[in-house]
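At the far end of the sequence shown sits residue 1120, using our numbering, and the numbering has no gaps. For each residue, glycine too, the CB sits at the ideal point set by N, CA and C. For clarity, every value in this text was computed on a predicted model and none was experimentally measured.
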Amino acid sequence: MSIHVHAAPYPPPPKSTVATAAAANFTDSSMRKRPQAMQKPYAPLNYYAASPLRVADQHVKDHHGRSHRGPKKDHLQQLPQPQPPPLSMPPRHNKTTPLAHVTGIDPVVAKRFQDEYAQQNDNENIGDDLRAQQATRMGTVGTLDEALCLSLIETHDVTFVITDTGTGKSTRIPIALHRAHPDALVVNAQPRRTAAINLAQRVAEVLEAELGESVGYSVRGEHIGDIGETKIMYVTTYSLLIYFLWHEFKEKLPLSYIIVDEFHERTPDVEVILLMLKLWLQKHPGAFKLILCSATAQVEEWQSFFDGLTVGTYARSPIMYPVQEYFIEDLERLTGIRTAPILPQDSSNMVTSEQMYQLILVCKQLLEYLAKNTATQDSVLVFMPGRTQVELMTTWIRENLEESLEPIAWYRDVELSLIQEALARPAVTRKKVYVATDIAEVSLTLPDVVFVIDSGTGKRPQVSEKEKTSYAFPPLRLLWETTSNAQQRRGRVGRVQQGFYFSLLSRAHYKALRESDNRIKNAVLTEVVLHSLLITQKPFAFFQLCNEKPERGALAYSLHLLQDGGHIIRKDDPMADAERVSLDRQRTTHVMDSPWNVLIEEALAVASGALATAPAEAVRGFSVTKETAAGPVRSGEGSDKDFGDEEDSVEAANLEADAAAFQQCYFMTLRGVIAARSPVSVAAATNVFFGLLYGTPTLSMLAAAIESSKSPFHIPYTINDRMERVAMVRRVSSVMQRYHGFLQSDLICSMEVILEYMSMQRDGLSEEAQEEWCQERSLSRTRVVDTLNLFSQMKEQVSSVLPFPDVTDIDVLNAQFNQNAELLVLMLVASHTELAIQVQLDGPVAQRKGFVGHGMFFPLKCLKDESVPTVCPWDRNKISVPLSLQTIQRKVLAVFASQVEPDLFALVLLVFSYKLHYSMQCSGATPSFLMAVSHSGVRRTFQCDALTAQQILQLRRIQCAQLRCMQLQVEERVKANESEKLSAALKSANSDFGLPDSAMEAPYLIPTVLQHGLKLLVGRLKGSPSYTAQRRDIVEFLPGTPYCKRANSAELSPPVLQSVLIHSNNGLSVWQPTATAAAVAASSSTVIEAVSATERNGVEVVAPAVSFPAVESESERGEEDESDHSSDSGAHVPTFSYDV
């Protein structure tokens, strides 16, 4: 599509030569000289390179009025008008709104910029304080009034420090507190690890101290110094929350001053931390001082939250260096390009693709202008909404401005060492341009950056009640930035010298921006909900005490997900008292029954009393409001009144449900405790749990560390050519094949290469040799080191809960890996079953349709990320289990995956799922079992032959025995080699775990029994003719053939039994869903027969347990999905259900 250009809405370019003269005089002697190479004339630029939308070619009409593509024109000149049609023909009206209009440079705006930029090195207008700082070795560190700020801190419980960015909040306050109180312990919490590490390095340099002595930092997987011991600690909010949860405090926190920086971001961690600290100060006045720092927060929103505490506010820091502001109106006149007006955002706050295209067009023109008219050493920081836009912009710069600009991509996956290296590298012949996402917004000083170009956009996750899947996979939306984002981006300049802030929004649009985002309402809450159960049994009520409340549906989904995974259990569950895990504080350093529990229970009691009277009052108020709004009821309008009454009843029901949820209690199980103590995601921690269960804890922790740090195999960020990148992806994928690639698991390849790195490191290779070794294998050494640091931290933290036999000899670990590689794949799949994808399309069909399959437990189409190396082939009719999913326009993008056969996936699901329902089927020639597993409200049913089903149940019973031993080690601190105590505990359960006598007498052998049993079961299934026969009916197999197949339309018939992985008994019981008394009586004889048959098979039946049936998805009632035509139908999409 071409751009139809007309000049009517815009003023014509000036006919005088003033603009040309202004541009020529712009390099006057008052400005700093540019290198000779930059003064050469520039070739015409293609602004549409690497842009997905319109192109610059003009359509020229012939004398018949037909259009054909004409040659490209110089963008920097006035674009020609289309030739008019003959007079005999009616004129064609252009209905397309023009996106761009090229004009001349406005001499007034050019002169303004020239004059302001000429004062770049003018220090006459700065204060004496800044002059003194400039004379020191460390340079400027801010304009904060330390004496006034410290006075407010000492005389108030809570102090808000609201000043411009760059005034020294993050550096000067901790330094001043340390100098005033040398024995005090100061902790500063940052929202991002990059900021925490950089600030710690900066403050250590100012204090002329070694990092780790008086200044340190602690982030996930890495720390130098310790919280509560090192005088000044910079930490992430996650690290601070974990410290509060897992350290024992009596009546006093060991911290003197707690600083929460950038608290306006309101992440779930920040909300929970501030609630905990507020409750502590209300109970123990003066225990510590709380300082909340931000450049954009609205203090009024927090006043009521800190009722009962003394609150002070500091907001008096003078400006450091001037920041000159330019908006789109100014930039269009400065660069000579005019765009169609971009209207302020609507209620959705979404940015359209055409609007984004216009912004990028102006940004490119502005970069060219800065390249020609500013000094090389003055760098540029460009804010783009996401990684895609960052890579497109860096590609365009390389292709069009490579001689004068050096683009540096900066997003989450770019290693921090590369950015630090770029910051330290002087700009000699090319100006540096940092093209970044919002990762560069906060708590960073970029000393060489003079210009900030703000696109005014950002990508944010959004949770919506209308899209239930957003609770699990919040889609990233392209949104207009908030006022908070804009101020943070503006604050990247003016810290060490004068700066320029170029906003690609209009002034009116800029003033209409929303104040801030509510991060906790748009976050996945699973991890923070699990952590909260360490200090409260009422998570729903607990989060209602926060200043900002999470989305109700997202909280309910997180609780259901944790219950499905066996991490928590409701208090009203009959198994709850036996399954809850309590830690004795006399023998451990954990916070179960800690002072936090008392504080929170007292706060909940007050809140519960207020809620008790809320429903009736709310309903009365609602009714009055409805009547007032509707006015008197006329005749014939009774239906409207009835409708109002119905709404009243619905509102009352919702309030009653909220009151019930407010009082609902949950306990943490053994699996939940281990997951909460692991510094990784819940899914990765579940993999650690299975490793402890099956005797491979060290390897499973290494796998979890790799998952959290991401794949060590990588493609250099500097490769932007598409074909070159594709070739590089294939080359790295072939390298990965050498590392157990036949198992088709990216994580297993990563594990083996890191084990090889550890062997190489043990042999004493130099730093240079290690770097070269990594480059030969396309590894990121930084990511490898981060993985090993997290691996070490994880072993330390998990062992504090459950001591385990750690394998430190690398040769032994390698041998264990080679012996159990396939077992590791199975445990990896088991811990991520909720992300499983059924591959339905491959090759050209998948490319044409735009997806490869659907989620097994979520109703979204799935894409394979083609830009990353992998050994997972994503074959049709197989099951791929990715470790990461990113939502993109109602689809999910899958990376870092493992592929297994459908039968093997079914077997893994049945062996490892927390809860399993099953029944025997005797209708065919040979008996079989139907087994069902539920996850996220979706039930999947499978049919197995009798022997396979019995082996699955046998393995699950043995897992229960190992869980009982692990529970004793956690609660009673029994060691793994204390066989007598563990054996006595197994026998005291009065439950048949199906263990041989040797294992009962020596419980340390149970993991070996589990490994051996699972390998035999897998080998038996793989050797069966049914394993690869996906389209054959079960009745076609000979009697005795092992099989484990998906049964789409099958229903479990009474009696229905269940197997639950618990530690109190063998987990087997009768599960009776809701039924009439007549139905129960009619099936009683069948139940007795089934129980007798089960006992003959070595399965003991214990007391019935209450459970909640899941919804069978629609796809299970139909035929198997076809590869092509059935993929677009909605019949196969599972129901993603939940309730509170």
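(request) Determine the contact status of V1036 and H812, defining contact as a CB-CB distance below 8 Å. (result) no
(request) With DSSP as the reference, label P71 as helix, strand or coil. (result) Any answer about P71 is weak, because its pLDDT of 45 lies below 50 and its placement is not dependable; what the coordinates show is given next. In the structure shown, the three-state DSSP call for P71 is coil.
(message) Would E461 and Q304 qualify as a contact pair, given that the criterion is a beta-carbon distance under 8 Å?
(response) no
(message) Spatial neighbours of Q717 within its chain, please: C-beta separation below 7 Å, excluding the five flanking residues on both sides.
(response) V851
(message) My output table needs one value for R159: the three-state DSSP class, helix, strand or coil.
(response) helix
(message) Rounded to the nearest angstrom, what separates A912 and I932 at their Cα positions?
(response) 13 Å
(request) Please list, in chain order, all residues of the same chain as A17 whose beta carbon is under 7 Å from its beta carbon, the five residues on each side excluded. (result) Residue confidence for A17 is low, a pLDDT of 36 falling below 50, so the modelled location carries little weight; the figure read from the coordinates is stated next. Taken in chain order, the residues that qualify are E383, T409.
(request) Give me the Cα-Cα distance between A558 and G1047, rounded to the nearest whole angstrom. (result) 12 Å
(request) Can you tell me which of the three DSSP states I388 falls into? (result) strand
(request) Would you identify the three-state DSSP class for H227, choosing helix, strand or coil? (result) H227 falls in the coil class under three-state DSSP.
(message) If distances are taken between C-alpha atoms only, which option among G288, L261, T293 comes closest to C273?
(response) T293
(request) Give the DSSP-derived three-state secondary structure of M900 in the structure shown. (result) Looking at M900 - three-state DSSP - the assignment turns out to be strand.
(message) Let me make sure I understand the geometry here. Which of I868, G146, K895 has the alpha-carbon closest to that of E242?
(response) G146
(request) State buried or exposed for V508, treating a residue as buried only when at least 16 other CB atoms are found within 10 Å of its CB. (result) V508 is buried by the Cβ-count criterion.
(message) Rounding to the nearest angstrom, what Cα-Cα distance links P51 and E421 in this structure?
(response) Confidence in P51 is poor, its pLDDT being 41 and thus under 50, which makes the residue's placement unreliable; the coordinate value appears in the next sentence. Taking the straight line from one Cα to the other gives about 42 Å.
(request) Please confirm if the segment 510 to 527 is in contact with the segment 652 to 662, defined as three or more CB-CB distances below 8 Å between the two stretches. (result) With a cut-off of 8 Å, the segment 652 to 662 and the segment 510 to 527 count as touching, because enough Cβ pairs lie within range.
(message) Quick check on this structure: which residue in S730, Q777, L770 has the alpha carbon closest to the alpha carbon of C754?
(response) S730
(message) Buried or exposed, going by whether 16 or more other CB atoms sit within 10 Å of the CB of S971?
(response) buried
(request) Take P519 and list the residues in its own chain whose beta-carbon comes closer than 8 Å to its own, dropping the five residues that flank it on each side. (result) So the list reads V509, S512, L513, L535, L539, Y646, once near-sequence residues are dropped.
(request) Would you mind sorting L270 into buried or exposed? The rule is 16 or more other CB atoms within 10 Å of its CB. (result) buried
(message) For E281 and N577, what's the separation of their Cα atoms in angstroms?
(response) Cα to Cα, E281 sits roughly 27 Å from N577.
(request) Going by DSSP, name the residue or residues bridged to V1040. (result) K895
(request) Would you kindly work out how many angstroms separate the C-alpha atoms of L584 and Q947, rounded to a whole number? (result) 30 Å
(message) Please state whether the Cβ-Cβ distance between Q879 and P853 is less than 8 Å.
(response) yes
(message) For the beta strand (DSSP E) containing L910, name the first residue and the last one.
(response) L910: member of the beta strand (DSSP E) spanning 908 to 915, first to last residue.
(request) May I ask which residues mark the beginning and end of the alpha helix (DSSP H) holding P849? (result) Unbroken run through P849: none, as it is neither H nor E.
(message) Helix, strand or coil for N168? Go by DSSP, reduced to three states.
(response) strand
(request) Pair every Cβ in the segment 433 to 451 with every Cβ in the segment 385 to 399, then say whether three or more of these pairs are closer than 8 Å. (result) no
(message) Under DSSP, the alpha helix (DSSP H) around D434 begins and ends at which residues?
(response) For D434, no alpha helix (DSSP H) run applies; the uninterrupted beta strand (DSSP E) run containing it begins and ends at 429 to 434, by DSSP.
(request) Determine the closest residue to F892 out of R856, G545, L843, T143, with distance taken between C-alpha atoms. (result) Per the C-alpha coordinates, the member of R856, G545, L843, T143 positioned closest to F892 is G545.
(request) Could you pull the start and end residues of the alpha helix (DSSP H) that H511 belongs to? (result) 506 to 512
(message) By the three-class DSSP mapping on this structure, what secondary structure does R1012 have?
(response) coil
(request) Select from K961, A801, L994, A964 the residue whose C-alpha is nearest the C-alpha of V888. (result) L994
(request) Apply the 10 Å Cβ neighbour rule to L890 and answer buried if 16 or more other Cβ atoms are within range, or exposed otherwise. (result) Flag for L890 reads buried.
(request) Look at the alpha carbon of N168 and the alpha carbon of T174, and state the distance between them as a whole number of angstroms. (result) 14 Å
(message) Less than 7 Å between C-beta atoms, sequence neighbours within five positions excluded: which residues of the same chain meet that for P427?
(response) V476
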